[in-house]
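Okay, so here's the structure we're looking at.
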Amino acid sequence: MAPLVGLAAHAATGSPAPAATQPPAAFAQCKACHSVDPGGKSGIGPNLFAVGGKIAGTKPGYAYSPAMKASRKRWDRANLDAYLANPKGLVPGTKMMTPGVSDAKKRKELVDYLMALN
C-alpha cells in the first residue's frame with residue numbers, strides 16, 4: 014500500500030515520481046564487474062553507487078587508468094550515455110573492456126538507473 018501513497022503524493026504535489034532503483038535487464042552485463050551497493054567494494058570495475066554527477070576517476074577504492082583520472086569528465090547524463098555507447102571513444106585508454114551498448118533505449122535505462130542511485 015505504501016507505493017500507492019507515494020503515487021498519490023506525487024499526483025497531489027506534481028513533484029517528480031521517485032526514480033526506479035531496480036536495475037534494468039541491460040545491467041546484468043555490468044554487474045559482472047561493477048557493484049552498486051552503498052559502501053560496497055570495487056571489483057574488476059569501480060563501484061557505481063552515487064556515480065552520477067561525480068568527476069570520473071576520483072571515487073576512492075579503485076585503481077583508475079591514468080586516462081580516466083586525466084579525463085576530468087563529469088558523469089552527467091550526456092557523458093554517461095557517450096561512455097556507455099563507446100567507452101574508448103570518450104576516454105581513450107580506459108580499462109573498460111566492453112565495446113559499448115549500441116541500443117540507445119538500453120543506454121537510457123542504464124543512465125536512468127545510475128543517476129537514480131545518487
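With this note's numbering, letter number 112 in the sequence shown gets 125, and the count goes up by one each step, no holes.
The beta-carbon is built from N, C-alpha and C at its ideal position, and this holds for glycine as well.
Quick caveat, the model's predicted, so the values are computed rather than measured.
Using a threshold of 8 Å, state whether the C-beta atoms of residue i and residue j are closer than that.
i, j, result
"methionine 128", "glycine 58", "no"
"leucine 103", "leucine 61", "no"
"threonine 111", "serine 78", "no"
"tryptophan 88", "lysine 67", "yes"
Can you tell me where the alpha helix (DSSP H) holding residue i begins and where it ends?
i, result
"leucine 127", "117-129"
"phenylalanine 40", "40-43"
"serine 84", "79-84"
"alanine 95", "90-98"
Would you kindly work out how many angstroms separate the C-alpha atoms of residue i and residue j, rounded to a whole number?
i, j, result
"valine 64", "leucine 123", "12 Å"
"lysine 86", "lysine 118", "23 Å"
"tyrosine 96", "alanine 39", "15 Å"
"glutamine 35", "alanine 41", "11 Å"
"serine 84", "arginine 90", "16 Å"
Cα-Cα, which of the options is closest to residue i?
i, options, result
"asparagine 75", "Lys86, Ala91, Ser84, Lys54", "Sequence check: residue 75 is tyrosine here, not asparagine. Tyrosine 75 has its Cα closest to that of Lys54, out of Lys86, Ala91, Ser84, Lys54."
"glycine 52", "Pro37, Cys43, Pro73, Pro36", "Pro73"
"lysine 82", "Pro105, Cys43, Gly70", "Gly70"
For residue i, collect the residues of the same chain with a Cβ closer than 7 Å to its Cβ; drop the 5 residues on either side in sequence, then sort them by chain order.
i, result
"leucine 93", "Val124, Leu127"
"asparagine 99", "Gly113"
"alanine 25", "Because the pLDDT at alanine 25 is just 42, under 50, the model does not fix this residue reliably, and the point stays unresolved."
"lysine 121", "none"
For residue i, decide whether its Cβ has a neighbour in chain C, counting only Cβ atoms nearer than 8 Å.
i, result
"glycine 65", "Looking at the structure shown, chain C is missing, and only one protein chain is on hand."
Excluding five sequence neighbours on each side, which residues of the same chain lie with their C-beta closer than 8 Å to the C-beta of residue i?
i, result
"glycine 56", "Cys46, His47, Ser48"
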